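Student: Pasting in a structure now, in structure tokens, and then I'll have a few things to ask.
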Amino acid sequence: MSSKEEKKNAKEEKIETSQIVSKQDYDELDDRYKRVLAEFENYKKRSQKEKESLYASILADVVEFILPAVDNLENAVKIETKDEEYKKGIELVLKQIQVALGAKGVEEIPTVGETFDPELHEAVSSIQDETKGEKEIVQEYRKGYKIGNRVIRHSMVVVAN
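Heads up, the sequence shown is in my numbering, so the first residue is 815 and it goes up one at a time.
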């Protein structure tokens, strides 16, 4: 082989070696890129979940703060009055608040006739009544509310047997 051919072969070998190195570099960079992209996607998902959790927590806190006023309006509607227009006004305000709470996913916890569930109800008294089932709720002292599966306020109830 002539020296010219040797130089040409050496040059081609050098180019192939540099291509191999650059392919390795490319693979490493591609791998790092995919990992960073996956980490970023996980971060976005985690941030979204935290945001939703924070929103639900704040909403529950605000609703819990408003519930005593709702209780008072419900009690005011039950009272007999001579002024029917006044009573209608209170009923309308109560209905408006209930619609607003419902629009935000707030639900009343069912009580009377239901089976006592300590995750939803708070037993303040019990009675013996053979006509009722075991752990059946017979009376509600205070309404309970929840948003989805999260209890905002437990129902205060009387439980039979």
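The beta carbon of each residue, even a glycine, is placed where N, CA and C say it ideally should be. Since the structure is predicted, the reported quantities are computational estimates derived from the model, not experimental observations.
Leaving aside the five residues before and after V907 along the sequence, list all residues of the same chain whose C-beta is less than 8 Å from its C-beta, in chain order.
Tutor: L887, listed in sequence order.
Student: Would you mind reading off the limits of the beta strand (DSSP E) that contains V907?
Tutor: V907 -> not in any beta strand (DSSP E); alpha helix (DSSP H) instead, spanning E898 to A917.
Student: Measure the C-alpha to C-alpha separation of D839 and E853 and round it to an integer number of angstroms.
Tutor: So the alpha carbons of these two residues sit roughly 21 Å apart.
Student: In this structure, what does DSSP give as the bridge partners for H968?
Tutor: Answer by DSSP bridge pairing: none, since H968 is not bridged.
Student: If you check the beta carbons only, do A883 and I966 fall under 9 Å apart?
Tutor: The answer is no: Cβ separation not under 9 Å.
Student: Mind reading off the beta-carbon distance from N975 to Q942? Whole number of angstroms is fine, and I expect it under 8 Å.
Tutor: Yes, N975 and Q942 are in contact; Cβ-Cβ is about 6 Å, under 8 Å.
Student: How many angstroms separate the CA atom of I951 from the CA atom of D885?
Tutor: Cα to Cα, the separation comes out at about 20 Å.
Student: Just to confirm before moving on: does the CB-CB distance between K803 and V877 stay below 9 Å?
Tutor: Not covered by the structure: residue 803. The range shown for the chain is 815 to 975.
Student: Should I893 go down as buried or exposed, given a rule of 16 or more other Cβ atoms within 10 Å for buried?
Tutor: So I893 counts as exposed.
Student: How far does the beta strand (DSSP E) with I893 in it extend, from its first residue to its last?
Tutor: From DSSP, I893 is part of no beta strand (DSSP E); its letter is neither H nor E.
Student: By DSSP's criteria, V973 is part of a beta bridge. Which residues make up the other side?
Tutor: Partner(s): S940 and I951.
Student: Which word fits L851, buried or exposed, when buried means at least 16 other C-beta atoms lie within 10 angstroms of its C-beta?
Tutor: Classification of L851: exposed, given that the 10 Å Cβ count is below 16.
Student: Suppose you measure from the CA of K902 to the CA of Q862; what does that come to, to the nearest Å?
Tutor: Cα-Cα distance, rounded: 43 Å.
Student: Does the distance from the C-beta atom of V971 to that of V920 stay below 9 Å?
Tutor: Not a contact, by the Cβ cut-off of 9 Å.
Student: On the DSSP bridge assignment, give the partners of Y959 in chain order.
Tutor: Its beta-bridge partners are E922 and R967.
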